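Chemist:
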Amino acid sequence: MSSLQFGGVQMLTVSNRINRLSQGLILVSSVLIALLSLRILVLGMDVGFPQLMHHDPDRTVVFWVHVLAGSTALLVMPWQFIKRLRLFSPLLHRCLGWIYIVAVLLAGLAGAALAPFAATNGFAGAGFLMLAAVWLATTGQAFIYAWERRIVDHQRWMVRSAALTFAAVTLRVMLTVSIPLGADFDIAYPIIAWACWVPNLLVVELYLARWRRPSGSAEVKLLNYTPVAVND
């Protein structure tokens, strides 16, 4: 019995370390990518994103909204999973939650407007359009559950929303890796438009299914996430 208990403690310690490592990686990569995207505030559109087709007078404002709001959501998202912040400053947690909701709303709508003009072909545009739609839907559902104080359901949908927000990171990692490997941009970009977010969502769904209780509810343990209701 003692050996089983010892083994359980060992597994719990390993699990905690993995959670902390995951939290650290998500935090660092999210902040880094968000700050890199916000370079247009200092460098301007010409220098910050000179190669993008979105640099068009007819779509510049929408692109600015997408970049600024999306970067804000990416900056806020990982901090919402820090347990100490939620416990010791629930008001800050709720304020950041409101900022995140508004940022996703603006970035998602702008992303949907830009998707039909994505580079290469319609397959890439469809990928980004679907990402925007699912991102808005999951975040909206998370907000509704928080407002209704259905905290467990809110947890699950916020984790889904966060996975889609993190697509900004996986998109840039995939683009950065594919170019040096000599991938044809016209072929790689449409694939990445889907691959940057679909695997994220699948991994999260598998994780949430694993933690499903026999009763049918779920205890989300991803990054020790226990949110505070938005309408306190």
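Just so we're aligned, residue 10 is where the sequence shown starts under the working numbering, counting upward by one. Beta carbons: idealized from backbone N, C-alpha and C, even for Gly. Every value quoted in this text rests on a predicted model; they were computed, and no experiment measured them.
Going along the chain, which unbroken runs of the alpha helix (DSSP H) with 4 or more residues stay wholly within the segment 89 to 134?
Modeler: 92 to 97 and 99 to 123, all fully within the segment 89 to 134.
Chemist: If you drop the 5 nearest sequence neighbours on each side, which residues of the same chain put their C-beta closer than 7 Å to that of F137?
Modeler: For the purposes of this step, residue 137 is taken as residue 128 along the sequence shown, with counting starting at 1. Result list for F137: G120, A124, A127 and A202, in chain order.
Chemist: Roughly how many angstroms lie between the CA atoms of L77 and L115, to the nearest whole one?
Modeler: Reading the sequence shown from its first residue, position 68 is the one you call residue 77. Reading the sequence shown from its first residue, position 106 is the one you call residue 115. Going by the C-alpha atoms only, they are around 9 Å apart.
Chemist: Looking at A43: is its Cβ nearer than 8 Å to the Cβ of T174?
Modeler: The sequence position of residue 43 within the sequence shown is 34, counting from 1. The sequence position of residue 174 within the sequence shown is 165, counting from 1. It is not a contact, given that the beta carbons lie outside the stated cut-off.
Chemist: Can the beta-carbon of L94 be found closer than 8 Å to that of W88?
Modeler: Taking the sequence shown and counting its residues from 1, one reaches residue 94 at position 85. Taking the sequence shown and counting its residues from 1, one reaches residue 88 at position 79. Against a cut-off of 8 Å, the Cβ pair of W88 and L94 comes out as a contact.
Chemist: Relative to the C-alpha of M86, which candidate in S187, R165, A171 and G191 has its C-alpha closest?
Modeler: Locating residue 86 in the sequence shown gives position 77, where the first residue counts as 1. Looking at the Cα atoms, A171 is the closest of the given residues.
Chemist: According to the Cβ coordinates, are S39 and V178 closer than 8 Å?
Modeler: In the sequence shown, residue 39 corresponds to position 30, counting from 1. In the sequence shown, residue 178 corresponds to position 169, counting from 1. Yes; because the gap between Cβ atoms is below 8 Å, this pair is in contact.
Chemist: Around the C-beta of R188, are 16 or more other C-beta atoms found within 10 angstroms, so that it is buried, or is it exposed?
Modeler: As a working note, residue 188 is residue 179 in the sequence shown. This sequence places Ile at residue 188; Arg is not what is there. That one is exposed.
Chemist: Within 10 Å of its beta-carbon, does N209 have 16 or more other beta-carbons around it, so buried, or fewer, so exposed?
Modeler: One-based indexing of the sequence shown puts residue 209 at position 200. Classification for N209: buried.
Chemist: Could you tell me which of V186, D193, A151 and A112 sits nearest to T129, measuring between CA atoms?
Modeler: Walking along the sequence shown from the start, residue 129 turns up at place 120. Ranking the options by Cα distance to T129, first place goes to D193.
Chemist: Which word fits A141, buried or exposed, when buried means at least 16 other C-beta atoms lie within 10 angstroms of its C-beta?
Modeler: Translated into the one-based positions of the sequence shown, residue 141 becomes position 132. Result: buried.
Chemist: Run through DSSP, which three-state label would L45 get?
Modeler: Position 36 of the sequence shown, counted from the start, is the residue given in the question as residue 45. Correct three-state label for L45: helix.
Chemist: Looking at the structure shown, is R158 part of a helix, part of a strand, or coil, going by DSSP?
Modeler: If you number the sequence shown from 1, residue 158 lands on position 149. R158 falls in the coil class under three-state DSSP.
Chemist: Using 10 angstroms around the beta-carbon of T69, count the other beta-carbons present and answer buried if the total reaches 16, otherwise exposed.
Modeler: Locating residue 69 in the sequence shown gives position 60, where the first residue counts as 1. Burial call: exposed.
Chemist: Are there 16 or more other CB atoms within 10 angstroms of the CB of C104, so buried, or fewer, so exposed?
Modeler: Position 95 of the sequence shown, counted from the start, is the residue given in the question as residue 104. Under this definition C104 is an exposed residue.
Chemist: To the nearest angstrom, how far is it from the Cα of I160 to the Cα of Y154?
Modeler: For the purposes of this step, residue 160 is taken as the residue at position 151 of the sequence shown. For the purposes of this step, residue 154 is taken as the residue at position 145 of the sequence shown. Distance between the alpha carbons of I160 and Y154: 7 Å.
Chemist: Any chance you could list the alpha helix (DSSP H) runs of at least 4 consecutive residues sitting entirely within the segment 172 to 229, in chain order?
Modeler: If we require 4 residues or more, the alpha helix (DSSP H) runs fully inside the segment 172 to 229 come out as 176 to 187, 194 to 204 and 207 to 219.
Chemist: Give the straight-line distance between the Cα atoms of L248 and L41, rounded to the nearest whole angstrom.
Modeler: Residue numbering for the chain in the displayed model covers 10 to 241; residue 248 lies beyond these limits and cannot be assessed.
Chemist: Once DSSP output is grouped into helix, strand and coil, what is the label at R68?
Modeler: Position 59 of the sequence shown, counting from 1, holds the residue named residue 68. Of the three classes helix, strand and coil, the one that applies to R68 here is coil, per DSSP.
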